[in-house]
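Residue numbers (the numbering used here): 400 to 474.
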């Protein structure tokens, strides 16, 4: 487990986190991330990366801590 992944897991839990947690980590509003992911408007590259990190639990969209940490480390 990398340093970024450990910090996210410690603060928000693991292995999955909500879109609200991802928005807080990235310094964005949850609704802007929803638009970015679902409608593809805005930063196309970030939207594609976030789409790859998501996991559906019924109707709820969650994000894998491992993938979010990797996204941050690659930035």
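Using N, Cα and C, we set each Cβ at its ideal position, and we do this for glycine too. Here the structure is a predicted model, which is why all the values come from computation and not from measurement.
Spatially closest choice to residue i from the options, by CA coordinates
i           : options               : result
residue 450 : 406, 413, 474 and 462 : 462
residue 470 : 419, 424 and 428      : 424
residue 419 : 412, 429 and 413      : 429
Alpha-carbon spacing of residue i relative to residue j, whole angstroms
i           : j           : result
residue 417 : residue 460 : 7 Å
residue 466 : residue 452 : 5 Å
residue 422 : residue 443 : 16 Å
residue 438 : residue 458 : 17 Å
Residue burial classification, residue i (beta-carbon count within 10 angstroms, cutoff 16)
i           : result
residue 464 : buried
residue 468 : buried
residue 456 : exposed
residue 473 : exposed
Report task. Taking only runs that begin and end inside the segment 416-470, name each unbroken alpha helix (DSSP H) of 4 or more residues, in chain order. Result -> 418-425, 429-438 and 443-452
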